[in-house]
Every structure is written in C-alpha cells, then in structure tokens.
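Trainee: By the numbering used here, the letter at position 265 of the sequence shown is numbered 271, and the numbering carries on one by one without gaps.
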Amino acid sequence: MIPFSPEEFKDATRQAWNQSASGWNSQTPAVHDWLMAATADMLDAARITTGMRVLDMAAGTGDQTLDIARRIGSGGHVLATDLSEAMLRFARDNARQAGLSQVETRVSDAEDLDVEAASFDAAVCRLGLMFCPDPVQALRQMQHALKPGGHAAVLVFSEPQRNPCIGILMSTALRHAGLPPRDPFQPGGLLSLGKPGLLETCFGQAGFAKVTATRVYAPFQLPSARNYLDFVRASASPILQLLGQLDPQAQEAAWADMEEQLDVFQLPEGWEGPNELLLVHGMRPVG
Ligand SMILES: C[S@@+](CC[C@H](N)C(=O)[O-])C[C@H]1O[C@@H](n2cnc3c(N)ncnc32)[C@H](O)[C@@H]1O
7 MIPFSPEEFK
17 DATRQAWNQS
27 ASGWNSQTPA
37 VHDWLMAATA
47 DMLDAARITT
57 GMRVLDMAAG
67 TGDQTLDIAR
77 RIGSGGHVLA
87 TDLSEAMLRF
97 ARDNARQAGL
107 SQVETRVSDA
117 EDLDVEAASF
127 DAAVCRLGLM
137 FCPDPVQALR
147 QMQHALKPGG
157 HAAVLVFSEP
167 QRNPCIGILM
177 STALRHAGLP
187 PRDPFQPGGL
197 LSLGKPGLLE
207 TCFGQAGFAK
217 VTATRVYAPF
227 QLPSARNYLD
237 FVRASASPIL
247 QLLGQLDPQA
257 QEAAWADMEE
267 QLDVFQLPEG
277 WEGPNELLLV
287 HGMRPVG
C-alpha cells in the first residue's frame, strides 16, 4: 500500500477545488437553502454578533461568509480563508456584489493558518474541517487565532448511516472503478469526522474548553435525484476523482446507476436526501 502523504493529498484537494470553483459557485442557491438553518445554528454557537472580528475557515465561495458579514454589520470584519485561490476569488466577488466591504479573503491552509494570534472574537468552519488530514492541527490554529474567551463552531457530516446518499455515491463509484470498499472514516474523507465523539475529542486535544456537540438534521431538498447529482458533479467530490479514471461511457453508466439508487428518496412533492451534520463548539480558555 502507498503511504498516505498529507502534502500530496492537500495539493490534490487544492487542484480539485480550483477546478470545481465555478461549478460550486453556481450551486450557491441550492447550498444556501440546504444549509440555511444549520448555518444560523453555527453562527449562534460561535456567539457571533454585531461588530465582531470573525474567522471563516475553509470558506469556499463564501455563502456562509456573507451570512456572517450581514450579522456583524459594517462595523465588523470577517476573514475568509481557504486552500483554493479560485474558490476565494468567487467569495471576494460575491461579497463585492452584495456590497459587503467588511469581507476580506486570504489563501491559507487551515493547518498552517496565516493569521495574527488572538485577533478574532469568533471562528467557524462549515463543511471544510473533514478535508483536513490533521483536523486537530487545524483546530489548534483556530484556537490560537481566537482571543481568550472567544468561541469556535464547526459543522461536519455525522456518521455514514445518517448520510446514506454519500454512502451510495462512494460505494457505486468504487464498484464502477473496480476498487474495494473504503473505510468511510479515513483521513480527509467526507465522513472522516463523523464517528460519534471524535470531533469533540479533537476540540479537547486542540485546547478548547466547554466543548458541546449537537446533531443537526439537514435534508437536501431538490426537485429530483438528477439535481442532486448535478450538485455532486459541480463540486470537487472524491466521487469525481474516482470516476475520472474511467472512459466517458463508463462514467455515464456509473452516474445512471447512482441516480437509480438515489431515486428511492423521491417523494410526491420532490426529492429529499437525508443528511445529518454535527455542530461542535468550544471556547478558547481565558487565561
Ligand atoms: C465543501 S467546500 C465548503 C465551502 C464552504 N465552507 C461552504 O460551506 O460552502 C470545502 C472547502 O474546504 C476547502 N479546504 C479543503 N481542505 C482545506 C485546507 N486544508 N485548508 C483550507 N481549506 C481547505 C476547499 O478548498 C473548499 O473550498
């Protein structure tokens, strides 16, 4: 077996998200609706209010960055960081178009964060931490960036059985690629932080106090399974990397197989993919 190289993994992650930036940005309305309530819960957990300085780690094209900017108002400041320059370019443009000049962007690996120590009142990360091969290191960086008494809140996917669509996508892609099943909790994977209790332990190891965890049910509601697959195809999902090894006809056969399985979630009023997230919160100790 080839040993896992975190640096090679991150290079591949950066490249994949650079390539998918435009597609992910085009899916913003669907992602916004899907995660609107969970995002509000995350901002509440991080105690984000008017005038604060907020760190938004792995911010992508900035959907939640704009929510933060609106909540803190023009007297606050939000720094959106991400590994992918292309994703952040969209975040910057989206903020500019929304007239939110309190948004700043900075390319930075979450595990080696380029920010001033103890300079933020709050920090968040929405669906980004699970891509870090060393999530404890990323949380340490977050902790270091917070002022003493500052709060952090993170959203990740919970365990595989609560996120069956991800399991269907992954197992189907592996089977069509002729590969054996994978450990869903392997580092850097979509479900890598979904094991019950794991992320709370990571928060503790990173030095956070008063750690809390909540499950947030966040079904993805779309007109059809085809729309969900359009979303998957527009994101830098590991599914694309697996199917990328196949010829176009074999890729289409895999997508059709996934669609057939995902149709099981079709309801009379539309398609509803079950998804559960974990919202974990911690505070930088005072003194
Ligand atoms: C699923 S997107 C989420 C983006 C945004 N937070 C949202 O919820 O719309 C994951 C993001 O994590 C970023 N990412 C992955 N690994 C990272 C790392 N090591 N450091 C910083 N960002 C990373 C990717 O570039 C991508 O923008």
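Glycine residues also receive a C-beta, built at the ideal position from the N, C-alpha and C atoms.
No experiment lies behind these values; they were computed from the predicted model shown.
If you drop the 5 nearest sequence neighbours on each side, which residues of the same chain put their C-beta closer than 6 Å to that of Gly82?
Mentor: Gly57, Met58, Gln108
Trainee: In whole angstroms, what separates the C-alpha of Leu152 from that of Ala219?
Mentor: 19 Å
Trainee: Spell out a yes or no on whether the region 194-205 and the region 261-268 are touching, meaning 3 or more CB-CB pairs, one atom from each, closer than 8 Å.
Mentor: Because the criterion of three Cβ pairs below 8 Å is not met, the region 194-205 and the region 261-268 do not touch.
Trainee: In whole angstroms, what separates the C-alpha of Ala144 from that of Lys216?
Mentor: Approximately 18 Å, taken between the alpha carbons.
Trainee: Is Met93 near ligand 1, with its Cβ less than 6 Å from a heavy atom?
Mentor: yes
Trainee: Any chance the CB of Gly134 is under 6 Å from a heavy atom of ligand 1?
Mentor: yes
Trainee: In the DSSP assignment, find the unbroken alpha helix (DSSP H) run with Lys16 in it and report its ends.
Mentor: 12-32
Trainee: In three-state terms, what does DSSP make of Phe126?
Mentor: strand
Trainee: Look at the Cβ atom of Met48, then the Cβ atom of Ala159, and state whether they are nearer than 7 Å.
Mentor: yes
Trainee: Please say whether Thr87 and Arg112 have beta carbons closer to each other than 7 Å?
Mentor: yes
Trainee: Should Pro274 go down as buried or exposed, given a rule of 16 or more other Cβ atoms within 10 Å for buried?
Mentor: With fewer than 16 other Cβ atoms from the protein chains shown falling within 10 Å of its own Cβ, Pro274 counts as exposed.
Trainee: Are the beta-carbon atoms of Trp23 and Ala242 separated by less than 7 Å?
Mentor: yes
Trainee: Taking 6 Å as the cut-off, does the CB of Leu196 come closer than this to any heavy atom belonging to ligand 3?
Mentor: You won't find ligand 3 in this model; what it holds is ligand 1.
Trainee: By how many angstroms is the C-alpha of Ile245 removed from the C-alpha of Arg20?
Mentor: Using only the alpha carbons, I get a separation of about 16 Å.
Trainee: The beta strand (DSSP E) with Leu228 in it runs from where to where?
Mentor: 226-228
Trainee: Cβ of Leu89 versus every heavy atom of ligand 1: is any distance shorter than 6 Å?
Mentor: Taking 6 Å as the cut-off, one finds at least one heavy atom of ligand 1 near enough to the beta carbon of Leu89.
Trainee: Considering only C-alpha positions, which residue in the set Pro35, Thr34, Thr45, Ala52 is nearest to His157?
Mentor: His157 has its Cα closest to that of Ala52, out of Pro35, Thr34, Thr45, Ala52.
Trainee: Using the beta-carbon count (16 or more within 10 Å), is Pro186 buried or exposed?
Mentor: exposed
Trainee: Mapping the DSSP letters down to three states, classify Glu266 as helix, strand or coil.
Mentor: helix
Trainee: Would you mind sorting Gly66 into buried or exposed? The rule is 16 or more other CB atoms within 10 Å of its CB.
Mentor: buried
Trainee: Does the Cβ of Thr5 lie closer than 6 Å to at least one heavy atom of ligand 1?
Mentor: Outside the modelled stretch of the chain, which goes from 7 to 293, sits residue 5, for which no answer is possible.
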